[in-house]
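Numbering (the numbering used here), first residue to last: 6 to 279. Yeah, the Cβ is synthetic: ideal placement off N, Cα and C, and Gly gets one too. Structure first, then comments.
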Ligand SMILES: [Zn+2]
């Protein structure tokens, strides 16, 4: 049912009509224009996917799992920022990233750590921002590019902070800054009254939260924030804004989702089975 093997399909790369069983697109020459019959189903599924909802479910599930893995840590909070904070060991098992995990070869943590949070406040703060921005980002970039921008910017923020030597880090803040960066790119590119308004709103949010990160006591990974912003801006630059979402975006988005799922499988395997 999900696969369409007969009749006609639209090439995922150029959007033109081909036979479903054509080995290469008649127009642009791309091989497998219907992605083994999966392209139409992928498009329908992704068009309906509530990615902000998926991020919420995964992040909340990972947070609950991190608390349950080491329940003793629940009682040791010293400040509101530590309230219901999972232990470092539990977070390491689930795929927290940083220069230390990198030294041990755990490259997949740049993906898993996006969904892990060190306290209830940290989790709620990031999820509120993602849900606040999701409709704007989907309006401007579509469902597939939202997934790509979120994943690429979250991972790039961690790559940068791991590279400069932040020992341990986690959270969706880098990806949140990636959404800021993508919207700032869009506002600049679109221009006019609407573009200016987008640029002003998202630029202000990004600047205010970035500056807040330097306040003493917050222990914020500012490299992750800056790297995430740059990653989102670059991803938007490469993918482009506007309504013309095509199959290549969906393939990239499916790749991001698949890699993230594989990263969690690797983290769990390394922690509990290897
Ligand atoms: Zn084509």
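> In chain order, what residues of the same chain lie with their CB nearer than 7 Å to the CB of residue 51, ignoring the 5 residues before and after it?
Replying inline: 148, 149, 255, 258
>> What does the alpha-carbon distance come out to for the pair residue 260 and residue 252?
In response: In a straight line, the C-alpha of residue 260 is about 12 Å away from that of residue 252.
> What does a CB cutoff of less than 6 Å around residue 279 pick up in its chain, not counting 5 residues either side in sequence?
Replying inline: none
> Can you give the Cα-Cα distance for residue 161 and residue 173, rounded to whole angstroms?
Replying inline: Rounded to whole angstroms, residue 161 to residue 173 spans 15 Å at the Cα level.
> Measuring from the CB of residue 320, is there a heavy atom of ligand 1 at a distance below 6 Å?
Replying inline: Lying before the first or after the last residue shown, residue 320 is absent from the chain, which here runs from 6 to 279.
> Distance, Cα to Cα, residue 99 vs residue 272?
Replying inline: Whole-angstrom Cα-Cα distance: 6 Å.
>> Going by DSSP in three states, residue 36 sits in which element: helix, strand or coil?
In response: strand
>> Less than 6 Å separating the Cβ of residue 172 from some heavy atom of ligand 1?
In response: no
>> Once DSSP output is grouped into helix, strand and coil, what is the label at residue 4?
In response: With the chain covering only 6 through 279, there is no way to say anything about residue 4.
> What do you reckon, are the CB atoms on residue 96 and residue 71 nearer than 7 Å?
Replying inline: yes
> In its own chain, which residues sit with a C-beta less than 6 Å from the C-beta of residue 268, not counting the 5 before and 5 after it?
Replying inline: 113, 116, 117
>> So, with DSSP's three-state summary, where would you put residue 23?
In response: Residue 23 falls in the strand class under three-state DSSP.
>> Output needed for residue 189: all residues of its chain with C-beta closer than 7 Å, excluding positions within five of it in sequence on either side, in chain order.
In response: Answer for residue 189: 204, 207, 208, 211, 238, listed in chain order.
>> Rounded to whole angstroms, what is the Cα-Cα separation between residue 102 and residue 221?
In response: 22 Å
> Who pairs with residue 174 in a beta bridge, going by DSSP?
Replying inline: Answer by DSSP bridge pairing, in chain order: 102.
> Should residue 151 and residue 143 be called a contact, given that it needs their Cβ atoms to be closer than 7 Å?
Replying inline: yes
>> According to DSSP, is residue 124 part of a helix, a strand, or is it coil?
In response: coil
>> On the criterion of 16 or more Cβ atoms from any shown chain inside 10 Å, does residue 111 qualify as buried, or is it exposed?
In response: buried
> So what does residue 13 bridge to, in DSSP terms?
Replying inline: 24
> What is the DSSP secondary structure of residue 1, counted as helix, strand or coil?
Replying inline: No information on residue 1 is available, as it lies outside the stretch 6 to 279 that the chain covers here.
> For residue 41, is the classification buried or exposed, using 16 other Cβ atoms within 10 angstroms of its Cβ as the cut-off for buried?
Replying inline: Exposed: under 16 other Cβ atoms inside 10 Å.
>> At a threshold of 6 Å, does residue 38 count as lining ligand 1 (C-beta to nearest heavy atom)?
In response: yes
> When you compare each of 57, 28, 93, 20 to residue 139 by their alpha carbons, which one comes out closest?
Replying inline: 57
>> For a test of the three-state rule: what should DSSP assign to residue 259, helix, strand or coil?
In response: helix
> Given that a residue counts as buried once 16 or more other Cβ atoms are within 10 Å of its Cβ, and exposed if not, what is residue 223?
Replying inline: exposed
> Would you say residue 30 touches ligand 1, meaning its beta carbon is less than 6 Å from a heavy atom?
Replying inline: yes
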